[in-house]
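Novice: Shown below is the structure under consideration.
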Amino acid sequence: MTSIIGVVRTGLRTLLLMCSLALLTLPTLAQTEDPAVSLPIDQDAQDDTFQAPVIVDGHELFVLRGSSALPAIERVTHVQDRIIEIAAGSKSKTVEITYEDTDLGIKILADGTEISLVTQADAELDQMDISVLAALQGDAIRDAVLAYRSERTDEARVTGAIEAGMWTIGFAVFSVLIIWLRRRFKLGINAIVRRNFAEVETATNAQVQADAIAALIRFGVNFILLVLFFLGAYYYLSFILLAFAETRYVAQILLTYVTEPVLNIILGFVAYLPNLITLLIIGLLTQYVIKGMRVFFDAVEAETFRLRDFEKHWINPTFNIARTIIILIALVFSFPYIPGSDSAAFQGLTILIGAMLSLGSNSVVGNVLAGLFVIYRRSTSMGDRIQVGEHIGDVVQIKLMETHIKSIKNELISIPNAQLMNSEVINYSKKIDGSGLLLHTTVGIGYEEPPEKVEAMLIEAAHRTKDLKARPVPFVLWTALADYAINYQINAYTTRGASIPRIKSDLHRNIMAVFTENDVQIMTPSYIADPPEAKIPPKAWDGQLAHMDDT
């Protein structure tokens, strides 16, 4: 109920504002003998060929030509004032129009009073005989005088009052209808939305709120009803003013300000209907082609159709690229049929938008192109364990702009595709041959230890490590003869690329255990002097370590 009262208050407030504007306009009109005044005319345009219309009670009678001695605006004002003076000076239902030949032209007199002078220049301007032109202007003056008098009689004023009362009743019915429609639409929208979206709301755990959707629809309907109410109030005020001769000119101005733009919009829409139908056909064809492509790629994903060397993770990106190309082609065909596409303003706007996109989207375009290379170059696929810089993780999603990897610490890392293209990427999941990945680590052992013993211990540690292959056999490389130690590198193959951190940890632990069992001291990271006692864990820990391994 409060919302209905608010709508009515808003409408009444608008109506009062319109009435106030009309009342403010009336004193201006009252400055003349009658509101029948002419439309504004440019005072500066006073050359010999300038013309101005004679207007009485909003009706244009004829056009007069100006001269250097008597500009058109002044001439028209004199004629209008004389016509109104003759019309207001008597209530007679007849007026006598006479003509008098002079050296300057033909005078037109109404009831013996000079109204206008038709010159030879006027006749030449209208391309007719001067006597014919004088007769036509005389008839127009007679009709204007009689119409002026008839519209200001008591009968005319009663008729105007009755007409205004009928318009008031009609507007009241219209207002009640708007209020009733608003209430009915509110109840109907709530019922329809709750009925159609109840299942969706339940299935999505209340992510889609039926009340929010209903509120949006109600806002749109209320906006349309409010616009209709304002238009009704505007035309009601215009028709009320139109019912009385004194305010008719104001009503004609109000009607012109609104009716002409509305008619232009309606006529423009009707004229645009063929182009709109063409756009609808292009849109339907585009949608049909995209649906056909979706069916084809779904069949490829289900392996109903098999494309040679076409990987499964290419399906969605390829479909999106093809869909984008089809939409762009449709836009190119649709461009000539878009309203205003041939105007200079529309073309300038498109150039400005294109320039802004080209200047501000260099990095975006670079990432998109890099994303296409990442998707189609086969070096990285979904689920691969890769290393990019300091980040190691599994590829969980490859987008046009970025690639998401899940680190070994279960962190989601977003890497721009441009960085992925410009960085070294180590792929632990791709198999180059059947041997697998070669996992390695380095230890430094003093020169006093026999190299054969050190190599045997490292190989033994590799054999103890789970997920390191026995074939091909592990091997040891000497990577450096350092100042205080020899750097031995143990190498072993594994096919568990996704478990490299755990495998390497197990390898390090086994190296430490084997070296401790054989009383060999690891010299890394540096060596200063031989300690009084070797830095080797006590033997007691061996049993505990074995017990922990068994557990």
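Using UniProt numbering, the letters of the sequence shown map in sequence onto residues 1 to 551.
Positions of the beta carbon are idealized from the N, C-alpha and C atoms, including for glycine.
Note that this is a predicted model, so its numbers are computed, not measured.
Ignore the nearest five residues each way along the sequence and tell me which others in L279's own chain have a CB closer than 7 Å to its CB.
Specialist: Cβ within range, chain order: S334 and Y337.
Novice: Are the beta-carbon atoms belonging to A134 and V145 less than 8 Å from one another?
Specialist: Not closer than 8 Å, so no.
Novice: For K186, collect the residues of the same chain with a Cβ closer than 7 Å to its Cβ; drop the 5 residues on either side in sequence, then sort them by chain order.
Specialist: Closer than 7 Å at the Cβ level, and outside the excluded window around K186, lie R218.
Novice: Whose CA, out of L228, V250, Q521 and N320, lies closest to the CA of P450?
Specialist: Minimum Cα distance to P450 is reached at Q521.
Novice: Can you tell which of R75, W180, Y272 and K453 has its C-alpha closest to the C-alpha of F515?
Specialist: That would be K453, whose Cα lies nearest to the Cα of F515.
Novice: Look at the alpha carbon of Q120 and the alpha carbon of Y99, and state the distance between them as a whole number of angstroms.
Specialist: Their Cα atoms are separated by approximately 15 Å.
Novice: Within the same chain, show all residues whose beta-carbon is closer than 6 Å to that of N487, passing over the 5 residues directly before and after it, in chain order.
Specialist: Here the set comprises T442, G444, T479 and A480.
Novice: Among D483, K430, N320 and A456, which residue has its Cα nearest to the Cα of G446?
Specialist: When each option's Cα is compared against that of G446, the closest is D483.
Novice: By DSSP's criteria, S116 is part of a beta bridge. Which residues make up the other side?
Specialist: Bridge partners of S116: I108.
Novice: Which value, in whole angstroms, describes the spacing of the CA atoms of D384 and I413?
Specialist: Taking the straight line joining both Cα atoms gives about 14 Å.
Novice: Within its chain, find whatever has a CB closer than 8 Å to the CB of M293; leave out the 5 residues flanking it on each side and keep chain order.
Specialist: The answer, listed in chain order, is F319, A322, R323 and I326.
Novice: What distance in whole Å lies between the Cβ atoms of I106 and I141, which are believed to be in contact at a cut-off of 8 Å?
Specialist: At roughly 13 Å, the Cβ-Cβ gap does not stay under 8 Å, so I141 and I106 are not in contact.
Novice: What would DSSP say about D309, mapped onto helix, strand or coil?
Specialist: Reduced to three states, the DSSP call for D309 is coil.
Novice: Alpha carbon to alpha carbon, how far is G436 from A456? Give it in angstroms, no decimals.
Specialist: The alpha-carbon atoms of A456 and G436 are separated by roughly 23 Å.
Novice: Just to confirm, are L400 and V368 a CB contact at a threshold of 8 Å?
Specialist: Result yes, Cβ atoms of L400 and V368 sit closer than 8 Å.
Novice: So for V8, helix, strand or coil by DSSP?
Specialist: The pLDDT assigned to V8 is 42, lower than 50, so where the model puts this residue is not dependable; a value taken from the coordinates is nonetheless given after this. DSSP places V8 in helix when its eight states are reduced to three.
Novice: Given that a residue counts as buried once 16 or more other Cβ atoms are within 10 Å of its Cβ, and exposed if not, what is T495?
Specialist: Per the 10 Å Cβ criterion, exposed.
Novice: Among the residues of its own chain, which have a CB less than 8 Å from the CB of S90, if the five just before and after it don't count?
Specialist: Excluding residues within five positions, the ones whose Cβ falls inside 8 Å are D111 and R149.
Novice: Beta strand (DSSP E) containing Q419: first to last residue?
Specialist: From DSSP, Q419 is part of no beta strand (DSSP E) but of the alpha helix (DSSP H) over N417 to N422.
Novice: Please classify L400: does DSSP put it in a helix, a strand, or coil?
Specialist: Coil, per DSSP.
Novice: Could you tell me whether the stretch 259-268 touches the stretch 161-168, using the rule of 3 or more Cβ pairs below 8 Å?
Specialist: No, they do not touch.
Novice: Can you round the beta-carbon distance between G389 and S423 to whole angstroms, since I take them to be within the 8 Å contact cut?
Specialist: Rounded, the Cβ-Cβ distance is 6 Å, consistent with contact.
Novice: Would you call G268 buried or exposed, if buried means 16 or more other Cβ atoms sit within 10 Å of its Cβ?
Specialist: By the neighbour-count rule (16 or more Cβ atoms within 10 Å), G268 is not buried but exposed.
Novice: With burial defined as no fewer than 16 other Cβ atoms inside 10 Å of the residue's Cβ, what is the status of R75: buried or exposed?
Specialist: The residue is buried, with at least 16 neighbouring Cβ atoms inside 10 Å.
Novice: Report the residue from N491, D211 and L70 whose alpha carbon sits nearest the alpha carbon of I192.
Specialist: Per the Cα distances, D211.
Novice: At which residues does the beta strand (DSSP E) containing T77 begin and terminate?
Specialist: It is not in any beta strand (DSSP E) - T77 instead sits in the alpha helix (DSSP H) that spans A72 to A88.
Novice: Can you find the residues in the same chain that come closer than 7 Å, C-beta to C-beta, to D467, ignoring five residues on each side of it along the sequence?
Specialist: Answer for D467: T494, R496, S499 and I503, listed in chain order.
Novice: Would you list the one or two residues that DSSP bridges to F475?
Specialist: Per DSSP, N491.
Novice: My output table needs one value for K406: the three-state DSSP class, helix, strand or coil.
Specialist: In this structure, K406 counts as strand in the three-state DSSP scheme.
Novice: Does DSSP put I426 in a helix, in a strand, or in coil?
Specialist: The answer is strand: DSSP assigns I426 an E or B state.
Novice: Just the C-alpha distance for L439 and I213, rounded to the nearest angstrom, thanks.
Specialist: In a straight line, the C-alpha of L439 is about 58 Å away from that of I213.
Novice: Between which two residues does the alpha helix (DSSP H) carrying Q127 extend?
Specialist: Taken as a continuous stretch (DSSP letters only), Q127 belongs to no alpha helix (DSSP H), as it is neither H nor E.
Novice: Pull up the DSSP beta-bridge partners for V300, would you.
Specialist: Paired residues: none, contrary to the question.
Novice: Have a look at L70 and F346 and give me their C-alpha separation to the nearest angstrom.
Specialist: Their Cα atoms are separated by approximately 46 Å.
Novice: In whole angstroms, what is the alpha-carbon distance linking D394 and L352?
Specialist: Taking the straight line from one Cα to the other gives about 42 Å.
Novice: According to DSSP, simplified to helix, strand and coil, what is Y99?
Specialist: Strand, per DSSP.
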